[in-house]
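**Q** Please read through the structure below; I'll follow up with questions.
There are 2 protein chains.
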Amino acid sequence: MSAALQDPRSILLHSTDNTAVAVDSIAPGALVRGVVAKARIHKGHKIALAPISLGAPVLKFGQIIGFATQPIEPGDWVHEHNVAVQEFDRDYRFAEGAKADDNLLPENQRASFQGFRRANGKFGTRNYIAILTSVNCSATAARFIAKEVERSGILDDYPNIDGVIPLVHGTGCAMDTKGEGYEVLKRTQWGYAANPNMAAVLMVGLGCEAFQIGKWKEAYGIVESDAFRSLVIQDMGGTRRTIDAGVEAVRAMLPLANGYTRETAPASELMLALQCGGSDGYSGITANPALGAAVDLLVRHGGTAILSETPEIYGAEHLLTYRAADRAIGEKLVDLIHWWEEYSARHGGEMNNNPSPGNKAGGLTTILEKSLGAAAKGGTGTLRGVYRYAEPVTAKGFVFMDTPGYDPVAATGQVAGGANVLCFTTGRGSAYGCKPTPSIKLATNSDMFRRMSEDMDINCGDILDGVTVEEKGREIFDFILKTASGEKTKSEALGYGDAEFVPWQLGAIM
Amino acid sequence: MSAALQDPRSILLHSTDNTAVAVDSIAPGALVRGVVAKARIHKGHKIALAPISLGAPVLKFGQIIGFATQPIEPGDWVHEHNVAVQEFDRDYRFAEGAKADDNLLPENQRASFQGFRRANGKFGTRNYIAILTSVNCSATAARFIAKEVERSGILDDYPNIDGVIPLVHGTGCAMDTKGEGYEVLKRTQWGYAANPNMAAVLMVGLGCEAFQIGKWKEAYGIVESDAFRSLVIQDMGGTRRTIDAGVEAVRAMLPLANGYTRETAPASELMLALQCGGSDGYSGITANPALGAAVDLLVRHGGTAILSETPEIYGAEHLLTYRAADRAIGEKLVDLIHWWEEYSARHGGEMNNNPSPGNKAGGLTTILEKSLGAAAKGGTGTLRGVYRYAEPVTAKGFVFMDTPGYDPVAATGQVAGGANVLCFTTGRGSAYGCKPTPSIKLATNSDMFRRMSEDMDINCGDILDGVTVEEKGREIFDFILKTASGEKTKSEALGYGDAEFVPWQLGAIM
Ligand SMILES: [Ca+2]
Ligand SMILES: [Ca+2]
Ligand SMILES: [Ca+2]
Ligand SMILES: [Ca+2]
Ligand SMILES: [Ca+2]
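Chains as they are written, first to last, in the UniProt record's numbering: chain A, 1 to 510; chain B, 1 to 510.
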């Protein structure tokens with residue numbers, strides 16, 4: 001037997017799994033993690049590492065992907081012929097998999113980072129001044145204000161400030177002010193204003209738009225202060241005067257913003273947004289589970305991680321209802337799923353995330369397993385909360401926020417929810433970056449990591465070569481702490497983040 | 001009698017009208033345009049200038065706003081008690097009001113401007129290089145390419161080029177590639193690439209997005225050339241290399257783009273986009289009819305004008321079907337109206353443009369009259385074509401393009417349709433500006449014109465003080481020719497246009 005046959009590569013995605021994934025095709029008789037393969041197991045398919053009795057759960061990612069429909073022996077190929085999910089799929093089993101505390105570490109054993117403490121006790125990982133816009137009609141004025149402040153060179157005198165961000169968008173008018181699109185925009189704007197990575201906020205409007213700054217301030221009890229100013233072009237008498245007044249307003253905010261300095265903060269003050277985009281066949285076995293391992297660590301250290309992208313977990317919501325902390329949290333998720341069915345139907349489409357014949361040929365057995373490839377980045381913790389798009393996230397631990405899968409829109413919702421750091425897994429190679437929230441990009445494969453080395457922060461492709469998911473998880477966790485403490489990510493070095501504010505647009509544009 | 005009573009101000013909106021609009025409240029017995037008022041006629045309401053027999057059309061804006069339900073005498077107050085539209089409203093009367101040629105001037109009497117002749121024979125009024133983006137994920141790369149070219153100072157050596165425009169947006173992925181949202185984006189991108197104000201185009205993509213540049217090029221038969229290049233971040237190996245290659249691609253386009261110089265072009269090569277935003281009570285009696293008068297002139301000179309903003313003519317489509325050149329054109333408009341009913345219903349709303357009690361108190365008698373306040377900017381010409389959003393406009397004369405009322409979205413569709421100049425009426429004061437199409441802003445009232453003098457190009461408020469609609473129309477027409485020949489508008493001087501590319505987003509964001 002050749003060395004290759006004796007030791008084909010495989011990945012164990014979680015220490016509690018009873019299956020491993022073949023990286024190379026496994027020949028019958030080959031030795032895999034101490035088990036002799038009983039059949040040919042193709043690349044991407046699963047081999048049983050332990051006996052699984054009839055009806056017992058098949059585990060991958062530390063989670064149930066289905067149940068044995070016949071007794072499975074170590075070394076067996078594990079796929080449709082011996083696994084099914086029917087029972088599980090018909091029952092949400094609310095909170096049955098909930099754990100009391102996700103192995104929370106005692107406070108004195110928890111990691112820390114260097115962050116900016118805000119008046120409300122939250123910590124920022126960056127220190128920005130935001131220029132929000134109520135409507136596209138004030139976008140150019142907002143951008144010119146930021147540009148003039150930047151050009152003036154005055155920021156050199158305020159070294160603790162990371163920059164001035166114009167957050168412009170294409171909506172804010174010709175919309176139903178009683179509709180969900182308006183509510184989403186309202187929450188998103190508030191969420192950005194309140195994100196702990198913001199030191200101060202200027203909001204610029206036109207005047208006659210549907211999104212009225214006055215009403216918005218009233219809704220959230222926002223008052224004008226050294227940290228919040230608003231300006232309306234029609235009240236100011238045009239663009240030039242608005243820019244002048246805006247530059248003045250930002251200048252007046254600089255001393256306050258610069259007064260924030262980094263101090264030691266517990267890792268429990270981190271709120272991590274989880275994203276993936278441009279997935280490939282490796283996403284579900286390298287970067288996503290590795291990020292999941294980092295999330296499990298973050299959760300043990302008292303932090304928060306937000307899984308999102310509802311269309312990608314569709315059909316496998318049982319995974320999350322099962323590990324919801326309580327029934328109410330699980331039911332919130334089920335409500336979201338129903339909303340998406342209605343939303344798709346409204347646009348003449350339908351939701352479908354079932355494994356395709358191609359998925360099955362590639363080794364994905366059940367919809368749970370397919371969705372877990374995406375959801376794996378959320379780790380294995382108990383689901384502590386379910387939030388609508390851009391809602392403030394208040395729970396600690398692992399939570400879910402409803403968003404589309406589309407990266408900039410999804411991330412915008414999470415940042416509005418309060419995320420102060422973001423991890424983004426990508427196979428094809430995303431160029432995403434965000435302000436005010438630093439975004440760590442994780443490559444699923446070494447080829448792409450090398451090809452796009454100036455955009456990628458961490459290579460998870462080496463998991464295929466033997467680095468364990470746990471090891472990679474620790475590497476990511478450490479990187480998160482360093483990033484949170486001020487080390488720049490690749491996308492920050494490139495200057496990303498001024499064009500990626502994309503609030504979810506819902507409802508008719510009239 | 002005081003002078004005020006003898007000569008209260010009024011507006012005659014078109015030379016063929018049998019009604020005038022009171023600018024000041026008219027007392028019974030006051031003399032108005034040679035007619036003695038028979039009743040109190042409030043500000044904004046109409047006075048009859050000629051006898052109107054039972055069933056005869058009541059004319060305002062040179063168009064039918066209703067029919068007399070009783071004989072009307074000169075000096076009568078004209079409102080709901082003696083006007084109704086029921087008959088007209090139930091029948092589209094396709095093409096009954098069509099004219100053979102809209103008084104087209106002989107070619108040797110037509111005006112001209114100085115424009116850039118393109119290979120296809122069309123003329124630009126500006127000479128830009130565009131950087132299009134297939135998806136939000138390539139937005140930052142596109143903006144950095146433009147920024148580096150600008151910063152390098154190399155444009156100083158190419159004085160015929162107006163600039164490099166990054167046209168970024170929030171969509172391009174997580175959409176149904178068989179849906180109408182995708183088609184709209186496809187057309188919009190093509191329309192911008194083909195707009196005669198573009199000398200050359202670079203398109204930047206990420207690689208894994210739904211909007212595939214390769215497929216798009218195939219759909220329109222676009223081939224790589226000195227005037228068109230595309231770059232894909234994932235193929236290039238990341239952001240930095242894409243920026244470098246993009247800067248190189250733009251530099252290579254500069255000699256070709258700079259080779260275009262202004263030459264004499266007939267006014268028939270002008271395609272004028274009509275917009276209004278931030279309307280007020282004066283829009284329908286000053287700026288809109290004045291712009292309509294300019295459009296009638298442009299049409300006589302062989303040019304094209306695009307009316308849009310379908311929700312604002314809803315319920316009064318009869319106005320346009322009546323003056324459609326033929327039944328097919330009228331039916332296309334009716335189809336659009338039905339599409340909007342379905343679109344609104346899909347989002348849980350409904351279309352309604354009826355005059356409200358407030359509208360009626362302000363003097364608006366019928367839905368035709370209300371919609372004409374908006375449609376007046378299209379003038380009185382025969383409707384020569386009806387286009388879907390962002391479709392290439394091929395007809396000469398007065399045409400309609402389906403768009404929402406939302407300014408940046410509506411204008412984006414018109415520019416994609418080929419508009420090389422734009423007129424925008426505003427009462428509250430819009431700050432809109434566009435690249436590549438220069439945008440002339442028309443104030444409806446003198447107060448706002450003075451208050452926002454750095455944003456407004458033309459004051460139409462002086463119509464209230466006696467300047468006639470015809471005079472103002474000629475002023476606007478002359479201004480259009482000067483602008484088309486290179487004179488900068490206020491919004492161009494301010495630098496607007498990099499944040500106002502907002503393709504209409506339709507369909508679910510997944
Ligand atoms: Ca995504
Ligand atoms: Ca299901
Ligand atoms: Ca409008
Ligand atoms: Ca009607
Ligand atoms: Ca109707």
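Even for Gly, the Cβ is constructed at its ideal location relative to N, Cα and C.
Every value quoted in this text rests on a predicted model; they were computed, and no experiment measured them.
Is Tyr406 (chain A) a contact residue of ligand 1, with contact defined as CB to any heavy atom under 7 Å?
**A** Checking the Cβ of Tyr406 (chain A) against ligand 1 gives yes.
**Q** Going by the C-beta, is Gly277 (chain B) closer than 7 Å to any heavy atom of ligand 3?
**A** At least one heavy atom of ligand 3 is nearer than 7 Å to the Cβ of Gly277 (chain B), so yes.
**Q** Straight-line CA distance for Tyr128 (chain B) to Leu167 (chain B)?
**A** Their Cα atoms are separated by approximately 12 Å.
**Q** Let me know if Asn352 (chain A) comes out buried or exposed under the rule of 16 or more other beta-carbons within 10 Å of its beta-carbon.
**A** Label assigned to Asn352 (chain A): exposed.
**Q** Can you confirm whether the segment 73-82 of chain A touches the segment 37-47 of chain A when touching is taken to mean that 3 or more C-beta pairs between the two stretches lie within less than 8 Å?
**A** In short, these stretches touch, since the Cβ pair count reaches three.
**Q** Determine, using beta carbons only, whether Asp296 (chain B) and Gly381 (chain B) come nearer to each other than 8 Å.
**A** Cβ atoms of Asp296 (chain B) and Gly381 (chain B): closer than 8 Å.
**Q** So is Tyr387 (chain B) in contact with chain A if we call contact Cβ pairs under 8 Å?
**A** Not closer than 8 Å to any Cβ of chain A, the Cβ of Tyr387 (chain B) fails to qualify, so no.
**Q** Quick check for students: name the residue ranges of the beta strand (DSSP E) that lie wholly in the segment 286-338 of chain B, counting only runs of 3 or more.
**A** Qualifying beta strand (DSSP E) stretches, in chain order: 304-307.
**Q** Tell me which residue opens and which closes the alpha helix (DSSP H) that Leu274 (chain B) is part of.
**A** It is not in any alpha helix (DSSP H) - Leu274 (chain B) instead sits in the beta strand (DSSP E) that spans 271-276.
**Q** Is it the case that the segment 422-437 of chain B contacts the segment 244-256 of chain B, given that we only count it when at least three CB pairs across the two stretches are under 8 Å?
**A** With a cut-off of 8 Å, the segment 422-437 of chain B and the segment 244-256 of chain B do not count as touching, because too few Cβ pairs lie within range.
**Q** Count the other CB atoms within 10 Å of the CB of Pro106 (chain A); is the residue buried (16 or more) or exposed (fewer)?
**A** The residue in question, Pro106 (chain A), is exposed, as its Cβ has fewer than 16 Cβ neighbours within 10 Å.
**Q** For chain B, find out if any of its Cβ atoms is closer than 8 Å to the Cβ of Asp455 (chain A); answer yes or no.
**A** So, interface residue.
**Q** So which residues on chain B does Val409 (chain A) lean against when the C-beta distance must stay under 7 Å?
**A** Here the neighbours are Ile509.
**Q** Quick check: is any heavy atom of ligand 3 less than 7 Å from the C-beta of Glu471 (chain B)?
**A** Every heavy atom of ligand 3 is 7 Å or more from the Cβ of Glu471 (chain B), so no.
**Q** Near Arg110 (chain B), which residues of its chain fall below 7 Å by C-beta distance, leaving aside the five closest residues on each side in sequence?
**A** Within the same chain, Arg110 (chain B) has close Cβ partners Pro266, Ala267, Ser268, His301, Gly302.
**Q** Check the Cβ of Trp504 (chain A) against every Cβ in chain B and list those closer than 9 Å, keeping chain order.
**A** What Trp504 (chain A) touches in chain B: Ile509.
**Q** DSSP has Gly66 (chain B) in a bridge; who is on the other side?
**A** Bridge partners of Gly66 (chain B): B:Val58.
**Q** Could you check what DSSP says for Met203 (chain B) in three-state terms: helix, strand or coil?
**A** Met203 (chain B): strand per DSSP, three-state reduction.
**Q** For a contact defined as C-beta to C-beta under 8 Å, what are the partners of Gly207 (chain B) on chain A?
**A** Result: Gly278, Arg428, Gly429.
**Q** List the whole-angstrom C-beta distance separating Asp402 (chain B) from Arg388 (chain B), where the pair is believed to meet the contact cut-off of C-beta under 8 Å.
**A** About 5 Å separates the two Cβ atoms, so the contact holds.
**Q** Does the Cβ of Leu291 (chain B) have 16 or more other Cβ atoms within 10 Å, making it buried, or fewer, making it exposed?
**A** Looking at its Cβ environment, which holds 16 or more other Cβ atoms inside 10 Å, Leu291 (chain B) is buried.
**Q** By alpha-carbon positions, which one of B:Pro408, B:His338, B:Thr171, B:Ile161 ends up nearest to Tyr496 (chain B)?
**A** Looking at the Cα atoms, B:Pro408 is the closest of the given residues.
**Q** To which residues does DSSP link Pro166 (chain A) through a beta bridge?
**A** Answer by DSSP bridge pairing, in chain order: A:Ile131.
**Q** Does the Cβ of Cys173 (chain B) have 16 or more other Cβ atoms within 10 Å, making it buried, or fewer, making it exposed?
**A** That one is buried.
**Q** Looking at C-alpha atoms only, which residue of A:Tyr260, A:Thr171, A:Gly418, A:Gln70 is the closest neighbour of Ile161 (chain A)?
**A** That would be A:Tyr260, whose Cα lies nearest to the Cα of Ile161 (chain A).
**Q** Just checking: is the beta-carbon of Asp101 (chain B) within a distance shorter than 8 Å of some beta-carbon in chain A?
**A** By this cut-off, Asp101 (chain B) is not an interface position.
**Q** Which ranges does the beta strand (DSSP E) cover as unbroken runs of at least 3 residues, wholly within the segment 357-441 of chain A, from first to last along the chain?
**A** Here the runs fully enclosed are 383-387, 397-401, 421-426.
**Q** Give me, in chain order, the residues of the same chain whose beta-carbon lies closer than 8 Å to that of residue 514 (chain B); leave out the 5 immediate sequence neighbours on both sides.
**A** Given that chain B is displayed from residue 1 to residue 510, the structure contains no residue 514 (chain B) and the question cannot be resolved.
**Q** Mind checking Leu54 (chain B): buried by the 16 CB within 10 Å criterion, or exposed?
**A** By the 10 Å Cβ count, Leu54 (chain B) comes out exposed.
**Q** Considering only the alpha carbon of each residue, which of A:Arg93, A:Ser25, A:Ile306, A:Lys482 lies closest to Ser112 (chain A)?
**A** Ser112 (chain A) has its Cα closest to that of A:Lys482, out of A:Arg93, A:Ser25, A:Ile306, A:Lys482.
**Q** Quick test of your reading: Asp465 (chain A) and Ile440 (chain A), contact by CB under 8 Å. State the CB separation rounded to the nearest angstrom.
**A** Not really, about 21 Å apart at Cβ, beyond 8 Å.
**Q** Shortest alpha-carbon distance to Ala293 (chain A) belongs to which of A:Thr468, A:Ser453, A:Ala249, A:Ile222?
**A** It is A:Thr468.
**Q** Can you tell me which residues form a DSSP beta bridge with Ala84 (chain B)?
**A** BP columns for Ala84 (chain B) point to B:Phe67.
**Q** Relative to the C-alpha of Phe88 (chain B), which residue among B:Gly66, B:Gly281, B:Gly358 is closest?
**A** Looking at the Cα atoms, B:Gly66 is the closest of the given residues.
**Q** Quick one: give me the first and last residue of the alpha helix (DSSP H) that Lys186 (chain B) is part of.
**A** Run containing Lys186 (chain B): 180-194, per the alpha helix (DSSP H) assignment.
**Q** Could you pull out every unbroken beta strand (DSSP E) segment of at least 3 residues lying fully inside the segment 227-254 of chain B, listed in chain order?
**A** Qualifying beta strand (DSSP E) stretches, in chain order: 228-232.
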